[in-house]
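Trainee: Sending over a structure as structure tokens; questions will come in a sec.
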Amino acid sequence: DIKSSSIKVIEEIKTTINDLPIPAHQVVPAPLTCPEVTTTPCPTSNMITEGGLTVTPDLPWLTVARDRFVRFAQEINWIDAQSLCQSHGLALYQPLDIVAVAQYLEDNFSDKLYWLGAQGNGTHQVWLSGEVLDRSDPWYGTQYTNVGTSYCLYFITWSGEPAKGTVLATAPCVSTTNVDVICG
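For the sequence shown, this note's numbering gives the first residue as 1, with consecutive numbering after it.
As structure tokens, then:
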């Protein structure tokens with residue numbers, strides 16, 4: 001019967017399309033919210049998959065060399081900052097070029113402090129990726145010694161500190177005083 005064979009061919013085409021690899025630069029809807037392959041976001045979600053990451057496309061992305069991130073002027077604690085990033089399909093940011101990103105923020109925004117994606121583990125500050133920060137990283141003063149689990153990492157972007165290469169500091173993760181958010 002023609003109808004049955006047409007439906008079978010359509011299902012085979014859908015399976016073939018769904019099995020095709022997606023190039024890193026191609027943007028398609030996230031599979032959990034969009035069961036069919038399309039080129040536009042599903043009406044039920046503003047999340048899309050880009051290069052293997054599910055993100056919100058209409059965020060104000062900032063680019064500094066190889067770094068790409070979003071800045072939120074929220075002034076919230078580190079735990080809430082992490083949740084904010086996750087709500088957009090992102091994570092607290094781990095810059096590739098820490099000093100260049102801090103310099104860009106100092107040059108372009110009046111905010112002075114930004115949470116980053118690292119927290120103390122008792123012996124070191126550790127990026128959410130698992131990479132350990134050490135004394136050779138661009139620390140402000142002796143901030144590298146604050147390694148307790150209640151201390152989280154932030155950027156200092158004031159008074160020329162980025163130009164001096166001293167941009168990393170720690171604060172209690174529950175601190176909210178003037179600390180904004182960078183996600184990526």
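All C-beta atoms, glycine included, are put in the ideal place defined by N, C-alpha and C.
Since we're looking at a predicted model, the values are computed, not measured.
Could you name the residues that DSSP lists as bridge partners for Y151?
Mentor: P172
Trainee: For V126, list the residues DSSP reports as bridge partners.
Mentor: Q119, V132
Trainee: Does the Cβ-Cβ distance between L105 and F155 come in under 9 Å?
Mentor: yes
Trainee: Alpha carbons only, please: which of L84, A169, W78, A102 is nearest the one belonging to G160?
Mentor: Residue A102 is the option with its Cα nearest to G160.
Trainee: Quick check on N178 - is its C-beta less than 9 Å from some C-beta in chain C?
Mentor: Of the protein chains in this structure there is only one, and it is not chain C.
Trainee: Using 8 Å for Cβ pairs, my map puts Y140 next to L168. What's the rounded Cβ distance?
Mentor: 6 Å
Trainee: Give the DSSP-derived three-state secondary structure of D67 in the structure shown.
Mentor: strand
Trainee: Quick one: grab the DSSP three-state call for Y144.
Mentor: helix
Trainee: Taking the alpha-carbon positions, what's the G148 to W127 distance?
Mentor: 14 Å
Trainee: Tell me whether D180 sits in a helix, a strand or coil according to DSSP, three-state version.
Mentor: Strand at D180.
Trainee: Beta carbon of C191, beta carbon of H88: below 9 Å?
Mentor: Nothing can be reported for residue 191: it is not among the residues displayed for the chain, which extend from 1 to 184.
Trainee: Hey, how far is the Cα of F72 from the Cα of Q82?
Mentor: 12 Å
Trainee: Where DSSP assigns a beta bridge to I156, which residues make up the other side?
Mentor: L113
Trainee: Buried or exposed, going by whether 16 or more other CB atoms sit within 10 Å of the CB of V132?
Mentor: exposed
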